[in-house]
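Colleague: Numbering (this note's numbering), first residue to last: 371 to 808.
Here a beta-carbon is modelled for each residue, glycine too, at the ideal position from N, C-alpha and C.
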């Protein structure tokens with residue numbers, strides 16, 4: 371005889387206890403909702419997303435985690451610039467222009483790197499303090515009537531009903547996107563990130579990217595992020611095809627990681643001091659789903675859109691989705707249904723921003739066409755200038771309605787069209803001597 375299904379009812383169910391899920395729980399619970407969070411693991415695992423862009427601090431502050439406090443407790447370190455280093459030549463520094471911090475702009479030009487384990491712990495503490503019920507169960511089934519979600523079932527037979535549902539299940543699950551068969555757009559090839567942590571004598575107040583660009587090849591890169599005053603996160607991003615080719619030749623993951631780091635003097639010295647005894651590995655592909663809001667649900671975080679980590683926009687995207695999606699729910703909580711236009715605008719903004727960041731970085735930096743002609747440093751500048759500007763404009767204007775969303779979308783479309791033009795022009799230009807064999 372089958373066991374009876376246990377039934378639970380609440381105002382909102384949040385599926386996923388990662389960054390976006392915890393942020394969503396806090397927003398909804400602080401507004402007085404009875405919230406249940408379904409997260410199958412007691413610990414989400416070693417997260418990535420440690421180098422934050424300049425829009426993230428305000429979003430963290432809204433969750434009760436101001437930037438100064440995070441730095442004072444060593445949960446974060448200052449990120450005052452991004453440095454690009456290559457085996458030859460002087461490093462290139464990308465720094466926000468200081469006049470933006472003055473009148474009349476008053477822009478916060480500081481941002482941070484974060485120890486994600488400690489940050490996520492602080493967020494979970496806030497989730498619990500907000501009265502959220504955290505249930506460590508894996509979802510087995512979504513129940514729906516038309517486009518409306520009615521209940522979530524777990525593997526142990528528990529059934530959770532609610533008026534509202536938030537899918538923060540992450541890149542691998544994408545629960546509601548799979549259930550409703552949402553269309554997605556992918557940018558670039560599948561990639562693999564390998565990373566570990568080193569203790570160092572001192573760390574600089576900035577993210578450093580190490581690259582060895584080749585004229586004919588898709589770019590891979592190494593990051594160094596100071597997550598604590600004397601601890602740096604060091605990682606290597608390579609295409610999935612590149613990783614497979616190396617593995618097929620018999621190379622180990624540790625060996626692939628070490629051989630790449632040894633190309634740069636900074637890491638050769640660190641590797642000489644200690645072995646790489648534990649590495650983390652994660653595969654991903656940049657993408658964005660269409661239709662990320664329904665009559666009584668929203669999709670947030672990587673379940674909605676995966677932004678390539680080189681952009682430093684992943685944390686901002688997750689927190690922004692959570693804030694906007696929950697604001698949409700709270701605005702319509704009495705109505706019990708999200709208006710079609712509001713759903714469309716939310717979904718459009720998710721796709722606009724993800725495609726802007728992912729498409730730009732693919733065409734200008736990852737692929738060799740543009741950077742072969744203008745150089746990696748200039749390609750980085752061409753990408754970073756509009757990316758930082760549009761993130762700032764988004765944070766300041768906070769587009770929500772149809773008109774503001776459309777206007778912002780047109781602005782992004784202009785930059786994407788300009789990127790396409792630059793890409794096409796570079797394809798037509800004569801190849802350099804280095805690239806003639808491509």
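For residue 456, I'd like the list of residues in its chain whose CB is within less than 6 Å of its CB, leaving aside the five on either flank, ordered along the chain.
Modeller: Taken in chain order, the residues that qualify are 581.
Colleague: For residue 391 versus residue 407, is the C-beta spacing smaller than 8 Å?
Modeller: Yes; because the gap between Cβ atoms is below 8 Å, this pair is in contact.
Colleague: By DSSP, does residue 690 sit in helix, in strand, or in coil?
Modeller: Three-state result, residue 690: helix.
Colleague: Which stretch, first to last residue, makes up the beta strand (DSSP E) that contains residue 595?
Modeller: Segment 591-598, the beta strand (DSSP E) holding residue 595.
Colleague: Check whether the Cβ atoms of residue 395 and residue 500 lie closer than 8 Å to each other.
Modeller: Against a cut-off of 8 Å, the Cβ pair of residue 500 and residue 395 comes out as a contact.
Colleague: With the cut-off set at 8 Å, would you say residue 477 and residue 695 are in Cβ contact?
Modeller: Contact: no.
Colleague: Between residue 371 and residue 424, what straight-line distance do the alpha-carbon atoms span, to the nearest angstrom?
Modeller: Per-residue confidence for residue 371 stands at a pLDDT of 35, beneath the threshold of 50, marking its modelled position as unreliable; the derived number appears in the next sentence. Each residue's alpha carbon lies about 57 Å from the other.
Colleague: Taking the straight line between their C-alpha atoms, what separation do you get for residue 523 and residue 509?
Modeller: Going by the C-alpha atoms only, they are around 6 Å apart.
Colleague: Consult DSSP for residue 634 and reduce its assignment to one of helix, strand or coil.
Modeller: Coil at residue 634, not helix or strand.
Colleague: Can you give, in chain order, each stretch of the alpha helix (DSSP H) that sits fully within the region 720-783 and has at least 4 residues?
Modeller: Correct list: 738-744 and 746-767.
Colleague: Classify residue 809 as buried or exposed, calling it buried when 16 or more other Cβ atoms lie within 10 Å of its own Cβ.
Modeller: Limits of the chain in this structure are 371 at one end and 808 at the other, which puts residue 809 out of reach.
Colleague: Flag this pair as touching only if the region 644-654 and the region 691-707 have three or more C-beta atom pairs under 8 Å; answer yes or no.
Modeller: Short answer: they don't touch.
Colleague: For the alpha helix (DSSP H) containing residue 381, list its first residue and its last residue.
Modeller: Taken as a continuous stretch (DSSP letters only), residue 381 belongs to no alpha helix (DSSP H), being part of the beta strand (DSSP E) at 376-385.
Colleague: By Cβ distance, which residues of its chain are closer than 6 Å to residue 713, with the 5 residues on each side in sequence left out?
Modeller: Counting only Cβ-Cβ distances below 6 Å, and skipping sequence neighbours, we find 663.
Colleague: Which whole-angstrom value describes the C-beta separation of residue 639 and residue 559, a residue pair presumed to lie in contact below a C-beta threshold of 8 Å?
Modeller: With a Cβ gap of about 32 Å, residue 639 and residue 559 do not count as contacting.
Colleague: Does the Cβ of residue 426 have 16 or more other Cβ atoms within 10 Å, making it buried, or fewer, making it exposed?
Modeller: So residue 426 ends up on the buried side.
Colleague: Can you list, in chain order, the residues of its chain whose CB lies under 7 Å from that of residue 624, leaving out five sequence neighbours each side?
Modeller: So the qualifying residues of the chain are 646 and 649.
Colleague: Any chance you could list the beta strand (DSSP E) runs of at least 3 consecutive residues sitting entirely within the region 519-599, in chain order?
Modeller: Runs found: 528-537, 554-569, 577-581 and 591-598.
Colleague: Is residue 605 helix, strand or coil by DSSP?
Modeller: Residue 605: strand per DSSP, three-state reduction.
Colleague: May I ask you to list the residues that DSSP assigns as paired with residue 654?
Modeller: Note: residue 654 sits in a beta bridge opposite 561.
Colleague: If the criterion is Cβ atoms closer than 8 Å, does the pair residue 608 and residue 677 meet it?
Modeller: Contact: no.
Colleague: Anyone know if the C-beta pair for residue 691 and residue 661 falls short of 8 Å?
Modeller: No, the pair does not count as a contact, with Cβ atoms beyond the cut-off.
Colleague: With hydrogens ignored, establish whether the beta-carbon of residue 748 is closer than 7 Å to any heavy atom of the ligand FAD.
Modeller: Absent from the structure shown: the ligand FAD. Ligands present: none.
Colleague: Taking 8 Å as the threshold, find out whether the region 710-726 comes into contact with the region 769-779 through three or more Cβ pairs.
Modeller: Yes, they touch.
Colleague: Helix, strand or coil: which one does DSSP assign to residue 648?
Modeller: If DSSP states are grouped into helix, strand and coil, residue 648 belongs with coil.
Colleague: Which residue comes first and which comes last in the alpha helix (DSSP H) that contains residue 408?
Modeller: Per DSSP, residue 408 belongs to no alpha helix (DSSP H); it is in the beta strand (DSSP E), 405-408.
Colleague: Inspect the beta-carbon positions of residue 577 and residue 449 and report whether they are closer than 8 Å.
Modeller: In contact: residue 577 and residue 449 (Cβ atoms closer than 8 Å).
Colleague: With respect to the alpha helix (DSSP H) encompassing residue 809, which residues constitute its N-terminal and C-terminal limits?
Modeller: The requested residue 809 is not part of the displayed model; the chain covers only 371 to 808.
Colleague: Under a Cβ-count criterion, where at least 16 other Cβ atoms within 10 Å of its own Cβ denotes burial, should residue 743 be classed as buried or exposed?
Modeller: Label assigned to residue 743: buried.
Colleague: Between which two residues does the alpha helix (DSSP H) holding residue 396 run?
Modeller: Residue 396 -> alpha helix (DSSP H) spans 389-400.
Colleague: Return the chain-ordered list of same chain residues with a C-beta closer than 8 Å to the C-beta of residue 400, the five sequence neighbours on each side being excluded.
Modeller: Closer than 8 Å at Cβ, skipping near neighbours: 500.
Colleague: Short of 7 Å in beta carbon distance, which residues of its chain neighbour residue 526, apart from the five on each side in sequence? Order them along the chain.
Modeller: These residues qualify, in order along the chain: 507.
Colleague: With DSSP collapsed to three states, give me the class of residue 372.
Modeller: With a pLDDT of 45 at residue 372, under the threshold of 50, the predicted position of this residue should be treated as unreliable, though the coordinate-derived value follows. In this structure, residue 372 counts as coil in the three-state DSSP scheme.
Colleague: Whose C-beta lies closer than 6 Å to the C-beta of residue 549 among residues of the same chain, with five residues either side of it excluded?
Modeller: 512, listed in sequence order.
Colleague: On the three-state DSSP scale, how would you describe residue 448?
Modeller: Strand at residue 448.
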